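Worksheet: the structure to be examined is printed underneath.
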Amino acid sequence: MLKTLFLNLFLITSTALSKECLMQTSERVFKINKILDSSFIKSTNCPDNAKNRFIKFISSASGRLNPRHLSQLFESEYGLSMKFSNQIEVVDAKDFIAESLNNKDLVIDSLSSLYGNASINLENNDTLSVECGNCDRPGDKNIKLLINGKTVWLSGKIKIKRKGFMVKTDIAAFSENLDDSILEQTYGVDSGKVALFSDVSNLKFYKSRRPIRKGSLLKQNDLVLKNLIKYNNKVDVLIKSDGLSLKTKAIARENGKLGDLIRLFNSKTKKVLTGKVIDQNKVLVEL
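Counting with this note's numbering, you get residues 1 to 287 for the letters of the sequence shown.
See below:
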């Protein structure tokens, strides 16, 4: 009987010990990679499955994580009895660096490091600052981090947030029937190297130069003005002079796009005029 009692106590104690799992981590974790390694874990007696589950969780987490709430979460969601010895603050290193640049329009698109770890792991009394002399504009940058006065180098790609027009549908190459219903004004992130299209009120006078993918920001070089006037065609001419206006016809002596100045021949007066293309087969002459 006594032997059985001791055996039961031993089994109960063994079971309790087998469930006991303590996790101690760095107090601040600055994520460099999307998928973290175990470098931010300082010590643990947790089994590999619990450890791996925790690493995966922190990889997608952000903000301050309370140890008691973490224990409750892992118990309820994953059936893991885990105790955490400290609060953890999880920060995306890209966001931290972007905030340090003091320019809300600049975005850290990607980061890489020879640091060796997938995250920078600090305690609350550690200091971290950013130095980057040329990070005020987009491009590939070398970013200097000072951790307690020691230097760590990261490579980053900076992009810029710009206001433009997003294409709401795929556009085939050389499409001519364009109107503003296919565009949505929005903010997009890109390299900032290429001018964005802004002449939306005159979109109908353009055609696409290449296929344009749905969801992309419309760039100036995606479109080209189409010919509105063809050589030797009869066109409508609006003549304006000293507040007066007169409509007549003339023969185009040149091809023309919106805004082009072209020569016109008036068969009635036998005169050559110069006018600006304003619409399909329409020219404005100002005297």
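Cβ coordinates follow ideal geometry from the N, Cα and C atoms, glycine included.
Quick caveat: nothing in here was measured; it's all calculated off a predicted structure.
Buried/exposed call for residue i, threshold 16 Cβ in 10 Å
{"i": "Gly156", "result": "buried"}
{"i": "Pro211", "result": "exposed"}
{"i": "Lys31", "result": "buried"}
{"i": "Phe84", "result": "buried"}
{"i": "Val118", "result": "The sequence as given places Ala at residue 118; Val does not occur at that position. Ala118 should be labelled buried."}
{"i": "Lys19", "result": "exposed"}
{"i": "Thr269", "result": "exposed"}
{"i": "Ile35", "result": "exposed"}
{"i": "Ala195", "result": "exposed"}
{"i": "Lys222", "result": "What sits at residue 222 in the sequence shown is Asp, not Lys. By the 10 Å Cβ count, Asp222 comes out buried."}
{"i": "Ala173", "result": "exposed"}
{"i": "Lys3", "result": "The predicted position of Lys3 is uncertain, since its pLDDT is 41 and thus under 50; a value taken from the coordinates is nonetheless stated next. Lys3 should be labelled exposed."}
{"i": "Phe6", "result": "Low per-residue confidence applies at Phe6: pLDDT is 41, beneath 50, and the placement is therefore not dependable, though the value from the model is reported in the following sentence. Answer is exposed; the Cβ neighbour count stays below 16."}
{"i": "Leu22", "result": "exposed"}
{"i": "Val200", "result": "exposed"}
{"i": "Arg137", "result": "exposed"}
{"i": "Val272", "result": "exposed"}
{"i": "Val167", "result": "buried"}
{"i": "Arg213", "result": "exposed"}
{"i": "Leu217", "result": "buried"}
Cβ shell of residue i (< 7 angstroms), same chain only, five flanking positions each side left out
{"i": "Gln280", "result": "Leu228"}
{"i": "Ala93", "result": "Phe30, Lys31, Ile32, Leu111 and Ile120"}
{"i": "Ser43", "result": "Gln24"}
{"i": "Ile108", "result": "Lys94, Ile97, Ala98, Gly156 and Ile158"}
{"i": "Leu258", "result": "Asn202, Phe205, Leu225, Leu228 and Val277"}
Cβ neighbours of residue i in the same chain (closer than 6 angstroms, five flanking residues each side left out)
{"i": "Leu80", "result": "Ala50 and Phe74"}
{"i": "Val91", "result": "Phe30"}
{"i": "Asn52", "result": "none"}
{"i": "Asp140", "result": "Lys157"}
{"i": "Lys282", "result": "Asp236"}
{"i": "Asp260", "result": "Val277"}
{"i": "Leu287", "result": "Ser241"}
{"i": "Leu284", "result": "Leu238, Gly275, Lys276 and Ile278"}
Bridge-paired residues (DSSP) for residue i
{"i": "Asn41", "result": "According to the sequence shown, residue 41 is Ile rather than Asn. Ile41 is bridged to Thr25."}
{"i": "Thr248", "result": "Val237"}
{"i": "Tyr187", "result": "Lys163"}
{"i": "Ile229", "result": "Gly256"}
{"i": "Val176", "result": "Val is not the amino acid found at residue 176; the sequence shown has Glu there. The partner list for Glu176 (beta bridge, DSSP) is empty, contrary to what the question assumes."}
{"i": "Ser119", "result": "Lys31"}
{"i": "Gly63", "result": "Val90"}
{"i": "Phe84", "result": "Met23"}
Residue i CB to nearest heavy atom of the ligand SAM below 8 angstroms
{"i": "Lys31", "result": "In the structure shown, the ligand SAM is absent, as is every other ligand, since no ligand is present at all."}
Own chain partners of residue i with C-beta closer than 8 angstroms, once the 5 adjacent residues on each side are dropped
{"i": "Asn232", "result": "Ile251, Ala252 and Arg253"}
{"i": "Gly149", "result": "Thr127"}
{"i": "Thr151", "result": "Lys144 and Leu145"}
{"i": "Asp55", "result": "According to the sequence shown, residue 55 is Ile rather than Asp. Excluding positions up to five away in sequence, the list reads Leu36, Asp37, Ser38 and Ile41."}
Span of the alpha helix (DSSP H), counted from its first residue to its last, around residue i
{"i": "Ala93", "result": "Ala93 to Ser100"}
{"i": "Gln72", "result": "Pro67 to Tyr78"}
{"i": "Asn314", "result": "In the structure as shown, the chain begins at 1 and stops at 287. Residue 314 is therefore absent and cannot be evaluated."}
{"i": "Lys19", "result": "Leu2 to Lys19"}
Continuous beta strand (DSSP E) stretch holding residue i: start and end
{"i": "Arg162", "result": "Lys150 to Val167"}
{"i": "Arg209", "result": "No beta strand (DSSP E) contains Arg209, which DSSP labels as neither H nor E."}
{"i": "Ile108", "result": "Leu106 to Ser113"}
{"i": "Leu263", "result": "The sequence shown places Arg at residue 263, rather than the Leu named in the question. Arg263 -> beta strand (DSSP E) spans Leu261 to Asn266."}
{"i": "Lys141", "result": "Gly139 to Ile147"}
{"i": "Ile278", "result": "Lys271 to Asp279"}
{"i": "Lys282", "result": "Lys282 to Glu286"}
{"i": "Ser129", "result": "Leu128 to Glu131"}
Handout entry: Contact between the region 232 to 242 and the region 186 to 194 (3+ Cβ pairs under 8 angstroms)
Key = no
Handout entry: Given 8 angstroms, three or more beta-carbon pairs between the region 141 to 151 and the region 162 to 171
Key = no
Practice task
Examine the Cβ distances between the region 171 to 182 and the region 122 to 132 and report whether three or more of them are shorter than 8 angstroms.
Solution key: no
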